Amino acid sequence: MDNAVPAPAKRRRFKIFGDAHDDMPNWVPRLLRQIALLIFLGFVAYNLFTALRGFLILLLISAFLAIALEPAVAFLAKRGWRRGLATAFIFAVVTVLGILFTALMMPLVVDQVRTLIDRAPTYVEQLSEFLANFGINFEGGNLLSAITSADSSLQGLANDLVGNAFGVGSTLLGTIFQGLTILLFTFYLTAEAPKLRRSILSTMDKDRQEEAIRIIEVAIDKTGGYFYSRTLLAAVAAFATWLALQIIGVPFAAPLAIWVGVLSQFVPVVGTYLGGVLPVLIALLESPTKAIWVIAFVVAYQQFENYIIGPRVTARTMSLHPAVAFGSVIVGGTLIGAPGTLMALPVAATVQALISTYFQRHALVESELFDEPLTPEGNGPARQLPGGAAQDPESAT
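Numbering (our numbering), first residue to last: 1107 to 1503.
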């Protein structure tokens, strides 16, 4: 009988990038190669995104505008218009309105700023006399010095612009090029939207196509509804402002009303206050009393819009909690600047609608944390939600 001890099994040697190692599991080299590949691809993707960030932002803005224009273009297309012609018509209308707005506002701003600077001593004296009627001692020397300094700064800025004409021209050309790029992409994405959707969705199976169609429909509904509601509210705000300024006796009522309507609705969160500054300033050039009346109107109309007009106009288009709206504006501005603040609200509304669609709600357990107080009229508890929690009828508007 052979009692020879068998020779120990030869150890396998594994290689990672050409180096041999003993006693290493088979999956380790493969895992390390995959990690290295992921790091390399992440590095390439990051640098590529950084290099193309400006272009991607322009493309994102174009896609957003195309979605916003889709309801209007689809409306005309259903009535026999070709999509290209319908898109061109919408573009022409928006362009004419933009040119009209600029033509009305620019002479007004330049003329009134110059008038303010020229008449500053008289206005400061009138303001001091007006405040003295209420027992307020106002020394206008510092304000007058600030206005005079502003005049010098404006003259210095004008001289700098003339001296740096080449730099200003390059910046202006760059801005025009970006605007034309956005218009070109927006026109293409809008006019060729059905063809693009067919091309993209044809790569998906039936279930994914249905999900994608649902997401696209929600995005179009919320984004188009946002612009519809904001345009309607802007028209109401412009008319109300024009009427109030006419009654108060503030000059340039029509362009100021358009200014207030546009800024108050299309600049989130602070648009109302920015829009109200210019009418107050113009009224102050007439008299402090008119300025106070304008301030009172802006505050009163803002409350009227928030609690009466706004909820009824946006009830079927876009309804966001104020905290969600404010937070989304901050996030959008942080990510891509001013365009992000304009796109934040419809994007947040779309995400909210998708969450409510795909996330199932369940009945709530009994807890004091869900209890609501009595309604303001004191006629019983607030209405019950389907899950069991109470809701104030006012908050459901």
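Every residue, glycine too, gets a C-beta built ideally from N, C-alpha and C. Since the structure is predicted, the reported quantities are computational estimates derived from the model, not experimental observations.
Asked: Would you mind listing the beta strand (DSSP E) stretches within the segment 1341-1426 that are 3+ residues and don't spill past its ends, in chain order?; Found: none
Asked: Just confirm the distance between the C-beta atoms of Leu1362 and Ile1388, as a whole number of angstroms; I'd bet it's less than 8 Å.; Found: 6 Å
Asked: Taking Cβ positions, are Ile1163 and Pro1445 nearer each other than 8 Å?; Found: yes
Asked: For the alpha helix (DSSP H) that contains Thr1309, what are its first and last residues?; Found: First-last for Thr1309: undefined, no H or E at that position.
Asked: So Ala1183 is in the alpha helix (DSSP H); what residue range does that whole segment cover?; Found: Trp1133 to Ala1183
Asked: Cutting at 6 Å between CB atoms, please list the residues of its own chain near Arg1450, excluding the five before and the five after it.; Found: Before going further, note that residue 1450 is Ala rather than Arg in the sequence given. Hits under 6 Å: Ser1434, Val1435 and Gly1438.
Asked: Is it the case that the Cβ atoms of Leu1351 and Ala1359 are separated by a distance below 8 Å?; Found: yes
Asked: Go ahead and pull the three-state DSSP assignment for Asp1477.; Found: coil
Asked: Whole angstroms is fine: what's the gap from Thr1221's alpha carbon to Arg1304's?; Found: 58 Å
Asked: For Ala1340, count the other beta carbons within 10 Å of its own beta carbon; 16 or more makes it buried, fewer makes it exposed. Which is it?; Found: buried
Asked: For the structure I just gave you, are there three or more beta carbon pairs, one from the segment 1165-1176 and one from the segment 1311-1331, closer than 8 Å?; Found: yes
Asked: Look up Arg1189 in the DSSP assignment and say whether it is helix, strand or coil.; Found: helix
Asked: Let me confirm a value: Ala1429 is counted as buried when at least 16 other C-beta atoms fall within 10 Å, else exposed. Which label applies?; Found: exposed
Asked: Hey, how far is the Cα of Thr1296 from the Cα of Met1212?; Found: 31 Å
Asked: With DSSP collapsed to three states, give me the class of Ala1469.; Found: coil
Asked: With 16 as the cutoff for other CB atoms within 10 Å, does Pro1452 come out buried or exposed?; Found: buried
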